[in-house]
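The structure appears right after this line, and notes come after that.
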Amino acid sequence: MTILEAIVLGLVQGLTEFLPISSSAHLVITQLLFDISFPGFGFEILLHLGSVLAVIIYYRKDLIELIIGFFSYIKNRSEENKTNFWFSIYILVATVITGVAGILFEDYISTALKGPTVIAISLAITGISLILIERAIRTGNRTEKDMTLFDSVIIGIGQSIALIPGLSRSGTTLVFGMFAGLTKETAVRYSFLLSIPVILGSTVLAIKDLLNGELLAVAGAFPLLVAVIVTFVSSLIGIVWFINFFKRSKLIYFSIYCFVLAFVVYFFLGDVDPNQF
701 MTILEAIVLG LVQGLTEFLP ISSSAHLVIT QLLFDISFPG FGFEILLHLG SVLAVIIYYR
761 KDLIELIIGF FSYIKNRSEE NKTNFWFSIY ILVATVITGV AGILFEDYIS TALKGPTVIA
821 ISLAITGISL ILIERAIRTG NRTEKDMTLF DSVIIGIGQS IALIPGLSRS GTTLVFGMFA
881 GLTKETAVRY SFLLSIPVIL GSTVLAIKDL LNGELLAVAG AFPLLVAVIV TFVSSLIGIV
941 WFINFFKRSK LIYFSIYCFV LAFVVYFFLG DVDPNQF
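If you want our numbering, it's the position in the sequence shown, counting the first as 1, plus 700.
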C-alpha cells in the first residue's frame, strides 16, 4: 500500500464512519478502485480504531459522566445517577446483541455478503430507510431518561443487521432509535457512544488478523500508521460536521447519495468477483 492509498483510505473511513452512508461499502469500493486487498479484517479494524478514538475524544466528558454515574448508582442507588446507570446498561445490551451476531455470522458476512451486488442492494435499502424515517415517522421526544431495555434490544438488532456491508451502522442505529421515538439528539448520542464498545469488541474478535503478520507484510508499517492517523483526524471532522448538519437539516440528502452510489456500484462494479477482496 502506498502512502497516497493510505491517506485516501483513511479519509474515506473517517469521513464516512459516522455518516449514514456505510463506511464499509466505501472502503470496499475504494479498494476495488485501487485494485488492492487486505487479508482478513485486520485493516478495517485498524481504521475503525482510529474512528473510535475520535469518538472517545469528542465524547470524553460524556464517557466520564457515564462511568462515574454507573458505579455511583451501584454504590448508593442515588436518583441523580440513575439515568447514567441505565443508559450505560442500554449501551451494553445493544453491544452484546451485536457481538453475538458478529460471532455467529462473521464467516458468512466476510465471504458471501461482501460483493458489489450485495453492497449496492444494501445501500439502496439504507436510502429507503432514511426516507421512511424522515417522511413517514414523526420525530420522537424521548430522551435518555425515557429509554427502556426494549429500545436497546431493538437498536441492538438494527446494529446487528448493519454488519452486512452497505448497511450503515450509524444510519441503522439512528433509524431504529428514531423509530423507537427518541429525539434526534438522543439517537445520535446513543449511536455514537454505542460505536465504542462495538468497535473495541470487534478488535478482540479480529485480533488474530492483526497478530499473524500478514497485514503488515501486505500493507507496510508506515502506510498503516498514516492510514490510522488520517482516519482519526477525519473522523473527528466527520463527527462535528454530522452533528451540526443533523441538527438543522434532513437525512433525505444522504438517502439520495445512497441511491446514486448504489446505482454506480451495481452497474459499474457488479460483475467484480467478491473473492477479489
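Backbone N, C-alpha and C fix where the C-beta goes; we use that ideal spot for every residue, glycine too. This one's a predicted model, so the numbers in the text were calculated from it and none came from an experiment.
- The beta-carbon separation of threonine 783 and arginine 842, rounded to 12 Å, does not stay under the 8 Å limit for a contact.
- Taking 8 Å as the upper bound for CB-CB distance, leucine 874 and serine 955 are not in contact here, some 12 Å apart.
- Its Cα nearest to that of leucine 894, the residue Gly799 stands out among Ser934, Thr931 and Gly799.
- Distance check between serine 935 and each of Phe734, Asp735, Phe743 and Leu747 places Leu747 closest, using alpha-carbon atoms only.
- Contact between valine 793 and glycine 856 holds, with the beta-carbon distance rounding to 6 Å and staying under 8 Å.
- About 6 Å separates the CB atoms of serine 737 and glutamine 731; that is less than 8 Å, so the two are in contact.
- Leucine 916 is bridged by DSSP to nothing; it lacks a bridge partner.
- Annotated three-state conformation of arginine 777 is coil, per DSSP.
- Using a C-beta cut-off of 8 Å, the region 921–930 makes contact with the region 703–711, since at least three inter-stretch Cβ pairs fall below that distance.
- Taken through DSSP and simplified to helix, strand or coil, leucine 830 comes out as helix.
- In the DSSP secondary-structure assignment, arginine 835 is not bridged to any residue.
- Look at leucine 719 here: in three-state DSSP terms it is coil, with no helix or strand label.
- Ranking Asn781, Gln713 and Ser772 by CA distance to the CA of leucine 749 puts Gln713 first.
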